[in-house]
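Trainee:
Residue numbers (the working numbering), protein chains in the order written: chain A, 18 to 341; chain B, 202 to 479.
Below, the structure written as structure tokens:
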């Protein structure tokens, strides 16, 4: 495998259904070993895009490749694992039998298949319950089984559509840890998720999709970096000091405080806020606050959460995939 | 493809479709034994050839009336949701992303259904013919019996091919209704053909009824194949003139049409499946 070949590459890839929904002109490149998070509200076209990549739907236009092989080709499908968003396994089979069937479809047989099935079930926490019929599994267990099936072929690229949506908090954490481990093993992850924490923790790159269009994309760090805010809880504040702080530091500092009638009312602590580039600036600001005789109660970085970024980005836009 | 064939067998066994069918078939065969015994009872102590022939035909008709229905419904209800139903439930999505061509999946499922239901149809055919033979005697013309068996078995791929084609076009439950109606139309065509032979109506009315019956039989040739099979069992493959069957049996041309129908339904279903989005 040539390490330069992108794991996932699309050029204006589109899938438009008869009702006008789907995804349009998606161009992206994801390198080998990267973790990519795909965000967007329900009906944005994320799952359609993933289904196009894994060969479940035929594209209406554009092109795409997985590790250099055209999407949908057998060679491409040989290298992927896919956990669909809405799926069920045949409930008349046991977890092990489901895995065995998938091993057969992957061409893995005999002792090797048994070994992978055992390891896979253990890895996702199903363990000995693998002998139970699927109909006795909870939703979370079925999701774990789906994850085990996706990992069965030791794929280079993993497409995970809401991998932990049905799990309890412990299960979610376990899945997140598993994803981080897979990333460390050099797997390429494509993660469709509403769980921002998963994307924020696991992914290097991300993109936001809305009404079938990819409206933003880039590294998670980059997208959130510009919005690193610091908050300082100070006592002994007055508006004069704020002006001084701004002049001295050269920063745009905001303060949240109501109108005060007398100097005595400034005794209550006040929150100051500033967008800073690095911790050095925060340190200098701390020093200036103390130098001016104010009491510094608390100084904390308010790194913007992906969820805030997501809500801000999509707010005010049509976001339910309506026909345009 | 073996994985898919095995999974199909496992599905039919685990969902107890085949078990329920086998238990009910055993009950039917027990009842059929007594029916055959009653119909074949020779009260006068002797039976002429014509009487024996009529009784044998009646027993076979009763046996295959049940046999035709049960094989048809087993074929329809086991496969009517194989594509759309599994796609709706999300079963197909994880399977079709595996490195196997879609045609292998489709053919594997088809072989799985046809082989298992075909095996059941074979057992049922042997049981009905054996019971009839015990009570009313059967000809020892194994050529005729072999052709009849092939015609009876031929209904299975015809029904499965049509059902899988329907499953690429309609929702799971929609296809179940569609296939039942389609089989019902074919069966009605056979009934029209039988009834017109005994109705005291003008020749032109008979001709109109015959056309309607033939057209209905063309929609789903499974029942037509059954009628032809019964005709050969009672009359012999060499007979060309209808005799005591209450109407014309389907011709060789119809059997040829049934083969083309099956191939066309299978090929169209496969073609649509390969192009389908999931």
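No residue lacks a Cβ here, since even glycine has one placed at the ideal position from N, Cα and C.
1) Can you give me, in chain order, the residues of the region 416-428 of chain B that have a beta carbon less than 8 angstroms from any beta carbon in chain A?
2) Check the Cβ of residue 292 of chain B against every Cβ in chain A and list those closer than 9 angstroms, keeping chain order.
3) Determine the burial state of residue 178 of chain A: buried for a count of at least 16 other Cβ atoms within 10 Å of its Cβ, exposed for fewer.
4) Closer than 6 angstroms by C-beta to residue 217 of chain A: which residues in its own chain qualify, once you throw out the five before and the five after it? Chain order, please.
5) Closest to residue 254 of chain B by CA distance: which of B:343, B:214, B:413 and B:437 is it?
6) Starting from residue 334 of chain B, find everything on chain A with Cβ-Cβ shorter than 8 angstroms and list it in chain order.
7) Using the C-alpha atoms, what's the distance from residue 331 of chain B back to residue 442 of chain B?
8) Pairs of beta-carbons, one from the region 100-111 of chain A and one from the region 150-159 of chain A, closer than 8 angstroms: are there three or more?
9) Residue 301 of chain B versus chain A: which residues are under 7 angstroms apart at the beta carbon?
10) Under DSSP, the alpha helix (DSSP H) around residue 61 of chain A begins and ends at which residues?
11) Can you tell me where the beta strand (DSSP E) with residue 325 of chain A in it begins and where it stops?
12) For residue 166 of chain A and chain B, any beta-carbon pair shorter than 8 angstroms?
13) Please list the residues of the region 243-272 of chain A that have a C-beta atom closer than 9 angstroms to any C-beta atom in chain B, keeping them in chain order.
14) Looking only at C-alpha atoms, which of A:90, A:311 and A:202 sits nearest to residue 253 of chain A?
15) Which chain B residues sit within Cβ distance under 8 angstroms of residue 154 of chain A?
16) Name the residue from A:235, A:44, A:207 and A:133 whose alpha carbon lies nearest to the alpha carbon of residue 64 of chain A.
17) Measure the Cβ-Cβ separation of residue 272 of chain B and residue 368 of chain B and say whether it is below 8 angstroms.
18) Give the DSSP-derived three-state secondary structure of residue 87 of chain A in the structure shown.
19) Given that residue 95 of chain A touches chain B, what residues does it touch there, using C-beta distances under 8 angstroms?
20) Taking only three categories from DSSP, how would you classify residue 57 of chain A?
21) Is there contact here, the region 362-377 of chain B with the region 251-269 of chain B, by at least three beta-carbon pairs under 8 angstroms?
22) Counting only beta-carbon separations shorter than 8 angstroms, does residue 76 of chain A have a partner in chain B?
23) Pull up the distance between the alpha-carbon of residue 203 of chain B and that of residue 246 of chain A, whole angstroms please.
24) Taking just the CA atoms, how far does residue 138 of chain A sit from residue 320 of chain B?
25) Mind checking whether residue 276 of chain B and residue 318 of chain B have CB atoms under 8 angstroms apart?
26) Examine the Cβ distances between the region 418-429 of chain B and the region 453-462 of chain B and report whether three or more of them are shorter than 8 angstroms.
27) Looking at the C-beta of residue 295 of chain B, does it have a partner C-beta in chain A at a distance below 8 angstroms?
28) Chain A partners of residue 310 of chain B, CB-CB under 9 angstroms?
29) Can you tell which of A:182, A:200, A:195 and A:199 has the C-alpha that lies nearest to the C-alpha of residue 213 of chain A?
30) Between which two residues does the beta strand (DSSP E) harbouring residue 234 of chain A extend?
31) From the DSSP output, read off the bridge partner residues of residue 316 of chain A.
32) Using only the alpha-carbon positions, how far apart do residue 197 of chain A and residue 35 of chain A sit?
33) For the candidate residues A:265, A:124 and A:39, whose alpha-carbon lies nearest to that of residue 308 of chain A?
34) Ignore the nearest five residues each way along the sequence and tell me which others in residue 85 of chain A's own chain have a CB closer than 7 angstroms to its CB.
35) Would you mind working out which of B:337, B:313 and B:388 sits nearest residue 260 of chain B, comparing C-alpha positions?
36) DSSP beta-bridge partners for residue 223 of chain A?
Mentor: Considering the structure as presented:
1) Residues passing the 8 angstroms Cβ filter: none.
2) Looking up residue 292 of chain B in the second chain gives position 91. 104, 105, 106 and 107, listed in chain order.
3) Position 161 of the first chain, counted from the start, is the residue given in the question as residue 178 of chain A. With 16 or more other Cβ atoms within 10 Å, it is buried.
4) If you number the first chain from 1, residue 217 of chain A lands on position 200. 323.
5) For the purposes of this step, residue 254 of chain B is taken as residue 53 along the second chain, with counting starting at 1. Of the candidates B:343, B:214, B:413 and B:437, the one whose C-alpha sits nearest the C-alpha of residue 254 of chain B is B:437.
6) Residue 334 of chain B sits at position 133 when you count from the first residue of the second chain. Residues of chain A passing the Cβ test: none, with the nearest at roughly 38 angstroms.
7) As a first step, residue 442 of chain B is located in the second chain; it is residue number 241 there, counting from the start. As a first step, residue 331 of chain B is located in the second chain; it is residue number 130 there, counting from the start. Any reading at residue 442 of chain B must be qualified, since the residue scores a pLDDT of 44, below 50, and its modelled position is unreliable; the value itself is stated next. When only Cα atoms are considered, residue 442 of chain B and residue 331 of chain B end up about 26 angstroms apart.
8) The region 100-111 of chain A vs the region 150-159 of chain A: in contact.
9) Stepping through the second chain from its first residue, residue 301 of chain B is reached at position 100. By Cβ distance, chain A contributes 122.
10) The residue labelled residue 61 of chain A in the question sits at position 44 within the first chain. No alpha helix (DSSP H) contains residue 61 of chain A, which DSSP labels as neither H nor E.
11) Taking the first residue of the first chain as 1, we reach residue 325 of chain A at position 308. Note, residue 325 of chain A: premise wrong, no beta strand (DSSP E); alpha helix (DSSP H) at 323-331.
12) Mapped onto the first chain, residue 166 of chain A falls at position 149. Yes, its Cβ sits closer than 8 angstroms to a Cβ of chain B.
13) Contacts with chain B (Cβ-Cβ distance below 9 angstroms) from the region 243-272 of chain A involve no residue at all.
14) For the purposes of this step, residue 253 of chain A is taken as residue 236 along the first chain, with counting starting at 1. Out of A:90, A:311 and A:202, the CA that lies nearest to the CA of residue 253 of chain A is found in A:311.
15) Along the first chain, read from residue 1 onward, the residue named residue 154 of chain A stands at position 137. What residue 154 of chain A touches in chain B, judged by beta-carbon distance under 8 angstroms, is nothing: the nearest beta carbon there is about 14 angstroms away.
16) Counting from 1 along the first chain, the entry for residue 64 of chain A is found at position 47. Nearest in C-alpha terms to residue 64 of chain A, of all of A:235, A:44, A:207 and A:133, is A:207.
17) One-based indexing of the second chain puts residue 272 of chain B at position 71. One-based indexing of the second chain puts residue 368 of chain B at position 167. Not in contact: residue 272 of chain B and residue 368 of chain B (Cβ atoms no closer than 8 angstroms).
18) Position 70 of the first chain, counted from the start, is the residue given in the question as residue 87 of chain A. Here residue 87 of chain A sits in strand by DSSP.
19) Looking up residue 95 of chain A in the first chain gives position 78. Neighbourhood of residue 95 of chain A in chain B, by CB distance below 8 angstroms: 300, in chain order.
20) Taking the first chain and counting its residues from 1, the one referred to as residue 57 of chain A is at position 40. In the three-state DSSP reduction, residue 57 of chain A falls in the coil class, being neither helix nor strand.
21) The answer is no - the region 251-269 of chain B does not touch the region 362-377 of chain B, with fewer than three Cβ pairs under 8 angstroms.
22) If you number the first chain from 1, residue 76 of chain A lands on position 59. Cβ-Cβ to chain B under 8 angstroms: no for residue 76 of chain A.
23) Along the second chain, one-based indexing puts residue 203 of chain B at 2. Along the first chain, one-based indexing puts residue 246 of chain A at 229. Near 60 angstroms, if we compare the C-alpha coordinates of residue 246 of chain A and residue 203 of chain B.
24) Here residue 320 of chain B is taken as the residue at index 119 of the second chain, counted from 1. Here residue 138 of chain A is taken as the residue at index 121 of the first chain, counted from 1. Near 36 angstroms, if we compare the C-alpha coordinates of residue 138 of chain A and residue 320 of chain B.
25) Here residue 276 of chain B is taken as the residue at index 75 of the second chain, counted from 1. Here residue 318 of chain B is taken as the residue at index 117 of the second chain, counted from 1. Less than 8 angstroms divides the Cβ of residue 276 of chain B from the Cβ of residue 318 of chain B.
26) Between the region 418-429 of chain B and the region 453-462 of chain B there are three or more C-beta pairs closer than 8 angstroms, enough to call the two in contact.
27) For the purposes of this step, residue 295 of chain B is taken as residue 94 along the second chain, with counting starting at 1. Yes, contact with chain A.
28) Residue numbering aside, residue 310 of chain B sits at position 109 when the second chain is read from its first letter. Those within 9 angstroms of residue 310 of chain B in chain A number zero; the least Cβ separation is about 13 angstroms.
29) What you label residue 213 of chain A is simply residue 196 of the first chain in a count that begins at 1. Put simply, of A:182, A:200, A:195 and A:199 the residue whose alpha carbon is nearest the alpha carbon of residue 213 of chain A is A:182.
30) Position 217 of the first chain, counted from the start, is the residue given in the question as residue 234 of chain A. Start and end: 230-236.
31) On the first chain, residue 316 of chain A is found 299 positions in, with the first residue counted as 1. The partner list for residue 316 of chain A (beta bridge, DSSP) reads A:249.
32) Along the first chain, read from residue 1 onward, the residue named residue 197 of chain A stands at position 180. Along the first chain, read from residue 1 onward, the residue named residue 35 of chain A stands at position 18. If you take the alpha carbons of residue 197 of chain A and residue 35 of chain A, they lie about 38 angstroms apart.
33) Here residue 308 of chain A corresponds to residue number 291 of the first chain, with the count starting at 1. Among A:265, A:124 and A:39, the Cα nearest to that of residue 308 of chain A is on A:265.
34) Here the question's residue 85 of chain A lines up with position 68 in the first chain. The beta carbon of residue 85 of chain A sits closer than 7 angstroms to the beta carbons of 22 from its chain, once the five residues preceding and following it are set aside; these are given in chain order.
35) Against the second chain, residue 260 of chain B aligns to sequence position 59. Measuring from the Cα of residue 260 of chain B, the nearest candidate turns out to be B:337.
36) By 1-based counting over the first chain, the position of residue 223 of chain A is 206. Paired residue(s): A:54 and A:235.
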